[in-house]
Amino acid sequence: MPDYARARDRMVQEHLAARGIRDPRVLDAMRAVPRERFVEPGMDELAYDDSPLPIGEGQTISQPYIVALMAQAADIEPDDHVLEVGAGSGYAAAVLGRLATQVDTVERHPALAAQAASRLHDLGQDNVHVHVGDGSRGWPVAAPFDAILVAAGAPEPPPALREQLAIGGRLVVPVDDGHGAQRLRRILRVDEMRYEDDDLGGVIFVPLVGAQGWTEDGHRVAAPHPGAGRKARNGTNGADEIAQVAAAAEHLPGPDAAGFADAFERFADCRVVLLGECSHGTSEFYRARAAITRMLVERHGFDIVAAEADWPDAAAINRHVRHRSVDGRGAAFQRFPTWMWRNTDVTGLVAWMRRHNEGRAADVQVGFYGLDLYSLGASIAAVLEYLDRVDPEAAAVARRRYACLTPWQNAPASYGRAALGAGYATCEKAVVRQCRELLERRLEYAAVADGERYLDATQNARLVASAERYYRAMYYGSAESWNLRDMHMFDTLRHLLEAKGPHSRAIVWAHNSHIGDARHTEMGSARGELNIGQLCREAHGERVALVGFGTHEGTVAAASEWDGDMEIKQVRPSLAGSVERLCHDAGAERCLLDLRRGQHEGLRATLAPARLERFIGVIYLPETELQSHYAQASLSGQFDAYVWFDRTRAVTPLGPEHVTGVHAATGVEETWPSGL
Ligand code: SAH
97 MPDYARARDR MVQEHLAARG IRDPRVLDAM RAVPRERFVE PGMDELAYDD SPLPIGEGQT
157 ISQPYIVALM AQAADIEPDD HVLEVGAGSG YAAAVLGRLA TQVDTVERHP ALAAQAASRL
217 HDLGQDNVHV HVGDGSRGWP VAAPFDAILV AAGAPEPPPA LREQLAIGGR LVVPVDDGHG
277 AQRLRRILRV DEMRYEDDDL GGVIFVPLVG AQGWTEDGHR VAAPHPGAGR KARNGTNGAD
337 EIAQVAAAAE HLPGPDAAGF ADAFERFADC RVVLLGECSH GTSEFYRARA AITRMLVERH
397 GFDIVAAEAD WPDAAAINRH VRHRSVDGRG AAFQRFPTWM WRNTDVTGLV AWMRRHNEGR
457 AADVQVGFYG LDLYSLGASI AAVLEYLDRV DPEAAAVARR RYACLTPWQN APASYGRAAL
517 GAGYATCEKA VVRQCRELLE RRLEYAAVAD GERYLDATQN ARLVASAERY YRAMYYGSAE
577 SWNLRDMHMF DTLRHLLEAK GPHSRAIVWA HNSHIGDARH TEMGSARGEL NIGQLCREAH
637 GERVALVGFG THEGTVAAAS EWDGDMEIKQ VRPSLAGSVE RLCHDAGAER CLLDLRRGQH
697 EGLRATLAPA RLERFIGVIY LPETELQSHY AQASLSGQFD AYVWFDRTRA VTPLGPEHVT
757 GVHAATGVEE TWPSGL
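Okay, so the sequence shown: first residue is 97 according to the working numbering, each after it adds one.
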């Protein structure tokens, strides 16, 4: 009987270590798994050659070097939960089972799966679970995974696998290079939206056959047809439904026409009016919301405009529109996606707010605030700056507390992963204590500096505490991080309303996905996500108006990936059966649908069942529109009103021609629009 242990040692030395496999845990695992047990009878002599071998069903056991390379690239930690696609002989799964706590492996050939399961069982590797199925769709019931390794070549990285990665998770997958050869790619999920993609070199694998792979005869599987995989409301919209929408539609003039906002007077009694958008880069939505905002402020005394924007950037705008000195931390809204706030439509609103506030007492001015929590670094700086001014001793303590987060300020998404590591103390206690202390000293500090500055500092301290939790939750890729973000938005709004007193009233600008009551969308029903619209309804009942916005086609400013450049993209005509197509077929160029209880009950009933609805964020991928941008939602459940612009065009980002001069001392441009 050959000395397999020696053969394995030699294999590790000659084929792995000598070729650049350095990870000691990977080398140990390769040394420990008896490869001879995973090959066909009669092949065991060859088990430690560095070559693939047949395993039946026309498949092969992977070459040891490739197994080690993939395991090393997947950067597996002992606590990780790993998915392998293509169990084959079960050999690679056995190696992975020695590196991670739990391994799920999926194999499409039942006979191979059964054989792999029994081998793994015989070796006592009970932490490896073999499943029969199409692994190109991943293994959703066990997701998310810290690492996914695919042992078969795909036409492109399967979207299901990308989605089943935890934040910080790694997908290692051989992908067709367009010329029939394969490249091994390592895809790291940086956060909800962003992925980093590395090329690890040329490889040869059998094909991945499945819904998100190749067909049996080697063709690329066609993109799913509209509605596939979703519970689409049996296809198209009926003529009676279209007629009902047409009958209820109230015509609107263009968003720049004098009377545009008149139709929205019906919401003037609300405490909070939330104005949505179905993209972050459509001019009509900005102009319509600006007109409604002007009307509510001018005629009805609304005094808070709160936007899906970073608090510190919005604070600079707030000081500008209220004729206060602007702090010198550079021009606002420099972070991706800049066009969302640095555009000519926002500029117009900001200029108007400044004119409106001129000569008014501070307590009757309208202010501009940010609801979002993506400004960890800037918010820490703002708290410290404030304390330096009012209480230098407290500032020194705060500096020590925030130092815990300092290494992560520029890459907060990595904080979540680090915080999970054994023995790593999270910064939670320190940042929460800092926030509490600031709140407790309200009276003391209010005597030293103006109330707005105190509000600003406390809000930044709250934001740091929320962001710390957010980035930790994000690592799990669950609904929790979304919920923390929207709860933070809601809390910020609540603090603003409280700070401004019982008569204060707010207008919120945020995406439809934040504003439309989440209980009536896939987000809420399938993923357990809530949003600020839902929380406002729960808190204020009928004194809240949730106003959604939609469009059929046109252009939009959006990027193709996170941190990518802004592009002007064509918005595709809306899909058959979608709520947008229903509005389009109803024929109005611009209209308002009043969806409040007691208005058009027939229309409400027609729009209640879930239909496809389009959501374009800062990223728009027309090629994969159905999967990337449509979700099932009930229009009349989500919104109290829906504003329709059949054709829309992209916002105009601020360019150099809009910049009029930079304030030498502060770095903030002196006049709007340039200060944005
Ligand atoms: N990791 C295996 C390598 C097996 S080869 C080992 O160490 O032995 C790739 C395997 O992927 C084959 O067994 C093939 O049947 C399987 N496969 C191909 N497409 C698949 C799919 N969509 N889902 C699951 N398994 C698949």
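By construction, the Cβ of each residue, glycine as well, lies at the ideal position given by its N, Cα and C atoms.
If the five residues before and after R529 are omitted, its C-beta is found closer than 8 Å to the C-beta atoms of R497, all from its own chain and listed in chain order. For P160, the uninterrupted alpha helix (DSSP H) run begins and ends at 160-169, by DSSP. Just measuring C-alpha positions, the residue of A307, M289, A248, R383 sitting nearest R281 is A248. The ligand SAH has no heavy atom closer than 7 Å to the beta-carbon of T311.
In this model, G334 and L296 are separated by some 52 Å (Cα to Cα).
Within the stretch 182-246, the runs of beta strand (DSSP E) at least 3 residues long that lie entirely inside it are, in chain order, 198-203, 224-228, 241-246. Contact check for C531 against R558 passes: the beta carbons are separated by less than 8 Å. Taking a contact to require three or more Cβ pairs closer than 8 Å, the stretch 386-403 and the stretch 660-669 do not qualify as touching. Relative to the ligand SAH, Y161 has its C-beta separated by 7 Å or more from all heavy atoms. Spatial neighbours of S510 in its own chain (CB-CB distance under 8 Å, excluding positions within 5 residues in sequence) are listed in chain order as G264, W504.
Per the DSSP secondary-structure output, H177 pairs in a beta bridge with Q198.
The beta carbon of Y482 lies closer than 6 Å to those of A553 in the same chain, with the five residues before and after it left out.
Inclusion of I157 in the 7 Å shell around the ligand SAH follows from its C-beta lying nearer than that to a non-hydrogen atom of the ligand.
G733 sits in a helix when the DSSP states are folded into three classes. With respect to P351, R383 sits close: the two C-beta atoms are nearer than 8 Å.
Distance between Q555 and H696, taken at the CA atoms: about 41 Å. Here V479 has A494, Y498, Q530, L534, A553, N556, A557, V560 as same chain residues with Cβ atoms under 8 Å from its own Cβ, once five neighbours each way along the sequence are excluded. Annotation: R104 to Y291 spans about 36 Å, alpha carbon to alpha carbon. Judged by their CB atoms, W435 and A653 are nearer to each other than the 8 Å cut-off.
Between the alpha carbons of R215 and P130 lies a distance of about 11 Å. With 16 or more other Cβ atoms from the protein chains shown falling within 10 Å of its own Cβ, L580 counts as buried. Listed in chain order, the alpha helix (DSSP H) runs fully inside the stretch 367-426 are 379-396, 407-417, counting runs of at least 4 residues. Under the DSSP assignment, P598 falls outside any beta strand (DSSP E); it carries neither an H nor an E label. In the structure shown, D468 adopts extended strand secondary structure according to DSSP, grouped into three states. Within the DSSP secondary-structure output, T651 pairs in a beta bridge with Q666. Counting C-beta atoms within 10 angstroms of its own C-beta, R106 has fewer than 16 neighbours from the protein chains shown and is therefore classed as exposed. Within the model, the alpha-carbon separation for L371 versus H607 is close to 8 Å. Looking at P749, G547, V246, the one whose alpha-carbon comes closest to that of T443 is P749. One Cα belongs to F645, the other to R485, and the distance between them is close to 44 Å. Close CB contacts of A410 within its chain, under the 6 Å cut and outside five residues either way in sequence, are with F464, Y465, G466 (chain order).
Here N453 carries a helix assignment [DSSP, helix/strand/coil]. Apart from the 5 residues on each side of it in sequence, S609 sits with its Cβ closer than 6 Å to the Cβ of F711 in its chain, given in chain order. Going by beta carbons, L472 and P433 fall outside the 8 Å limit.
Taking one beta carbon from each stretch, the stretch 148-161 and the stretch 179-195 have 3 or more pairs nearer than 8 Å; the two touch.
Remark: three or more beta-carbon pairs, one from each stretch, lie closer than 8 Å, so the stretch 719-733 and the stretch 690-710 are flagged as touching. Each residue's CA atom was taken as its position, placing R127 and R121 some 10 Å apart.
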